Amino acid sequence: MTAITSHQKAKALKPGSRRPAKDLCSECGLCDTYYIHYVKEACAFINQQIAELESNAHGRSRDLDNEYDIYFGVHQEMMSAKKKQPIEGAQWTGIVSTIACEMLTQGLVEGVVCVQSDENDRFQPKPIIATTTEEILGARVNKPTLSPNLSILEQVERSGMKRLLVIGVGCQIQALRAVEKKLGLEKLYVLGTPCVDNVTRAGLQKFLDTTSKSPDTVVAYEFMQDFRVHFKHEDGSVEKVPFFGLKTNKLKDVFAPSCMTCFDYVNSLADLVVGYMGAPFGWQWIVVRNETGKEMLDLVEDQLNTQPVMSKGDRKQAVQNSIPAYDKGVTLPMWAAQLMGVVIEKIGPQGLEYARFSIDSHFTRNYLYVKRNYSEKLADHVPDYAKKIVSQYQLPE
Ligand code: FAD
Ligand code: SF4
Numbered sequence: 001m002t003a004i005t006s007h008q009k010a011k012a013l014k015p016g017s018r019r020p021a022k023d024l025c026s027e028c029g030l031c032d033t034y035y036i037h038y039v040k041e042a043c044a045f046i047n048q049q050i051a052e053l054e055s056n057a058h059g060r061s062r063d064l065d066n067e068y069d070i071y072f073g074v075h076q077e078m079m080s081a082k083k084k085q086p087i088e089g090a091q092w093t094g095i096v097s098t099i100a101c102e103m104l105t106q107g108l109v110e111g112v113v114c115v116q117s118d119e120n121d122r123f124q125p126k127p128i129i130a131t132t133t134e135e136i137l138g139a140r141v142n143k144p145t146l147s148p149n150l151s152i153l154e155q156v157e158r159s160g161m162k163r164l165l166v167i168g169v170g171c172q173i174q175a176l177r178a179v180e181k182k183l184g185l186e187k188l189y190v191l192g193t194p195c196v197d198n199v200t201r202a203g204l205q206k207f208l209d210t211t212s213k214s215p216d217t218v219v220a221y222e223f224m225q226d227f228r229v230h231f232k233h234e235d236g237s238v239e240k241v242p243f244f245g246l247k248t249n250k251l252k253d254v255f256a257p258s259c260m261t262c263f264d265y266v267n268s269l270a271d272l273v274v275g276y277m278g279a280p281f282g283w284q285w286i287v288v289r290n291e292t293g294k295e296m297l298d299l300v301e302d303q304l305n306t307q308p309v310m311s312k313g314d315r316k317q318a319v320q321n322s323i324p325a326y327d328k329g330v331t332l333p334m335w336a337a338q339l340m341g342v343v344i345e346k347i348g349p350q351g352l353e354y355a356r357f358s359i360d361s362h363f364t365r366n367y368l369y370v371k372r373n374y375s376e377k378l379a380d381h382v383p384d385y386a387k388k389i390v391s392q393y394q395l396p397e
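Going by the working numbering, the first residue of the sequence shown is number 1, and it counts up by one from there.
Put into structure tokens, the structure is as follows:
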């Protein structure tokens, strides 16, 4: 007789029927499976345990006396990189998809958890376990909406796969790390992206309708290091809207409550992180957290141009000024926003300093949000590194 583990018995809890994190649920997918059994320990919004999970995954947690650790998490090295031959249609140059394809074709893993789009709606996520490079490439480009990537965890166990790569954002990876040992895998590889300000599908529509001149033709967008949102349209054109021109008063409730309470922007628990915000404009940013991450990066190094990370400018005053402006929902007229965008692009923070600017702005905003809306969670939910970052600024009540 096959032994039945306790989480499998948890089918009685009716996966999908409950979201114990309630309004703060980021739809990570765990509760769509019988791993809902572990939700009280595993959910990033119920049990913040980044330091403990860092120790398990990387052999140590952040050193709170080290400014680089505080901001970017445990790491061995960081660099800027771009693919020598970018993948057409990828979010940036396709480093994430390339690593996943190499891991599969070189036999390091039997499957890759990634997220394709629904056939009828390119922004509706459809998580899959890819077993071919075509399926991995079919998942390229961001689905800028909350995605239930962990909903395929039961499928992983049923498939009998022993070596798996999971691609995901911070909240998904925190829950994944918490149940990692229950999955029956011999080796789990985790390739993360940073993530911030995600939205539900309805929230995305509101953001596009409020911000883009042609919401129906947007295929992808990114908040770029030049302080503008870049919307890529179907015809290949790129529309640029300065951050300072965003209609903050209309967009205040557009971001998911989970993202307004998140302090894991840099995906602390992934083995390897691929984003852009710590790199100069046009480059991707790579953070190698441990030996597993190094092993993954080594597979593609000959396909990349790389350069050391750089840092320029001083973000502090800009962050301090933006706190009350955001709080009051100030929106500049478009001509002033365009002008400010040009000026700040020339003299503003770049490279790692841009990443610190973005982290500081989001952590101060989120700290205020938690304090005002979930004050009972403030002490435990905000990690110590985030408290240290926020303490550099004066916040309104
Ligand atoms: P590609 O080769 O195009 O691959 C993209 C991968 O992302 C695919 O494998 C796909 O499975 C996965 N994916 C797509 N949508 C989702 C989703 N909703 N949830 C989980 N996985 C998904 N980087 C920053 O530096 N700063 C940011 O503020 C930032 N915000 C982001 C917000 C979101 C919602 C997402 C998904 C990513 C964000 N990133 C951010 C990461 C960045 O936009 C790129 O995804 C990353 O640099 C990889 O680019 P690429 O061309 O190598 O990826
Ligand atoms: Fe469940 Fe994930 Fe939502 Fe938490 S965030 S309640 S683990 S689906």
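Ideal Cβ placement from N, Cα and C applies to all residues, glycine included.
Just so you know, these numbers come straight off a predicted model, no measurement behind them.
Go through its chain and collect everything with a Cβ distance to Thr2's Cβ below 6 Å, but skip five positions before and after it.
Bear in mind that a pLDDT of 45 at Thr2, under 50, signals an unreliable position, so the number given afterwards is only what the model happens to contain. There are no such residues.
4-residue-minimum alpha helix (DSSP H) runs that sit fully inside the region 247-328, ordered along the chain
Within the region 247-328, the complete alpha helix (DSSP H) runs of at least 4 residues are 248-251, 257-260, 291-298, 316-327.
Since Phe243 is in the beta strand (DSSP E), which residue starts that stretch and which ends it?
No beta strand (DSSP E) holds Phe243; DSSP gives it neither H nor E.
Say yes only if the C-beta of Arg19 is nearer than 6 Å to one or more non-hydrogen atoms of ligand 2, and no if none qualify.
Yes; taking the cut-off as 6 Å, the Cβ of Arg19 has a heavy atom of ligand 2 nearer than that.
Would you list the residues sitting across from Pro127 in a DSSP beta bridge?
DSSP output for Pro127 lists Val115 as bridge partner(s).
With distances taken from CA atoms, which of Ser61, Glu41, Gly94 is nearest Val300?
Checked all of Ser61, Glu41, Gly94; the closest Cα to Val300 is Gly94.
Ile389 CB to nearest heavy atom of ligand 1 below 6 Å:
No, Cβ of Ile389 sits at least 6 Å from all heavy atoms of ligand 1.
Residue ranges of each beta strand (DSSP E) within the region 188-243, 3 or longer
Listed in chain order, they are 218-223, 228-233, 238-242.
Taking 6 Å as the cut-off, is the C-beta of Val96 nearer than that to any heavy atom in ligand 1?
Yes, since a heavy atom of ligand 1 falls inside the 6 Å radius drawn around the Cβ of Val96.
Assuming Ala130 and Gly160 form a contact by the criterion Cβ under 8 Å, report the distance between their Cβ atoms to the nearest whole angstrom.
No, Ala130 and Gly160 are not in contact; Cβ-Cβ is about 16 Å, not under 8 Å.
Contact check, Phe45 vs Ser375 under 8 Å by CB: the rounded distance?
That pair is no contact at about 15 Å.
Lys143 vs Pro127 beta-carbon contact at 7 Å:
No, they are not a contact pair.
Measuring straight from C-alpha to C-alpha, what distance separates Lys82 and Ile152?
So the two alpha carbons sit approximately 30 Å from each other.
Per DSSP, which residues does Asp121 bridge with? Please list them.
Per DSSP, Asp118.
Is the beta carbon of Cys28 within less than 6 Å of some heavy atom of ligand 2?
For Cys28, the CB falls within less than 6 Å of some heavy atom of ligand 2.
Could you give the first and the last residue of the continuous beta strand (DSSP E) run that contains Val166?
Start and end: 163-168.
Cα separation between Ala12 and Leu185?
Confidence is the limiting factor: at Ala12 the pLDDT is only 46, short of 50, which leaves the residue's position unreliable, though a coordinate-based value still follows. Those two C-alpha atoms are separated by around 24 Å.
If you draw a straight line from the C-alpha of Leu204 to the C-alpha of Asp226, how long is it?
Rounded to the nearest whole angstrom, the CA to CA distance from Leu204 to Asp226 is 22 Å.
Return yes when at least one heavy atom of ligand 1 lies under 6 Å from the C-beta of Val196, else no.
At least one heavy atom of ligand 1 is found less than 6 Å from the C-beta of Val196.
Going by the CB atoms, is the gap between Leu272 and Leu191 shorter than 7 Å?
Yes; because the gap between Cβ atoms is below 7 Å, this pair is in contact.
Specify the secondary structure class of Thr2 as computed by DSSP and reduced to three states.
Legend: pLDDT at Thr2 = 45, less than 50; position of this residue unreliable, no value from coordinates given.
Beta-carbon proximity check, Cys114 vs Ser26, cutoff 7 Å
Contact flag unset, no.
Neighbourhood of Gln284 by C-beta, 8 Å cutoff - its chain only, sequence neighbours within 5 removed:
Within the same chain, Cβ atoms closer than 8 Å to the Cβ of Gln284 are found at Ser80, Ala81, Lys82, Trp92, Thr93, Ile95, Val274, Gly275, Tyr276, the five residues on either side in sequence being excluded.
Assess contact between the region 284-293 and the region 56-69, defined as three or more Cβ pairs (one per stretch) separated by less than 8 Å. Is contact present?
Taking 8 Å as the limit for Cβ pairs, the verdict is that the region 56-69 does touch the region 284-293.
Return yes when at least one heavy atom of ligand 2 lies under 6 Å from the C-beta of Cys101, else no.
No.
Are the beta-carbon atoms of Val254 and Val241 separated by less than 7 Å?
Against a cut-off of 7 Å, the Cβ pair of Val241 and Val254 comes out as no contact.
For the pair the region 263-272 and the region 35-52, tell me if three or more CB-CB distances fall below 8 Å.
With the rule of 3 Cβ pairs closer than 8 Å, the region 263-272 counts as touching the region 35-52.
By how many angstroms is the C-alpha of Asp302 removed from the C-alpha of Thr210?
Answer to the nearest angstrom: the Cα atoms are 42 Å apart.
Output yes or no for whether 7 Å exceeds the beta carbon distance between Ile136 and Cys101.
Yes. Within cutoff.
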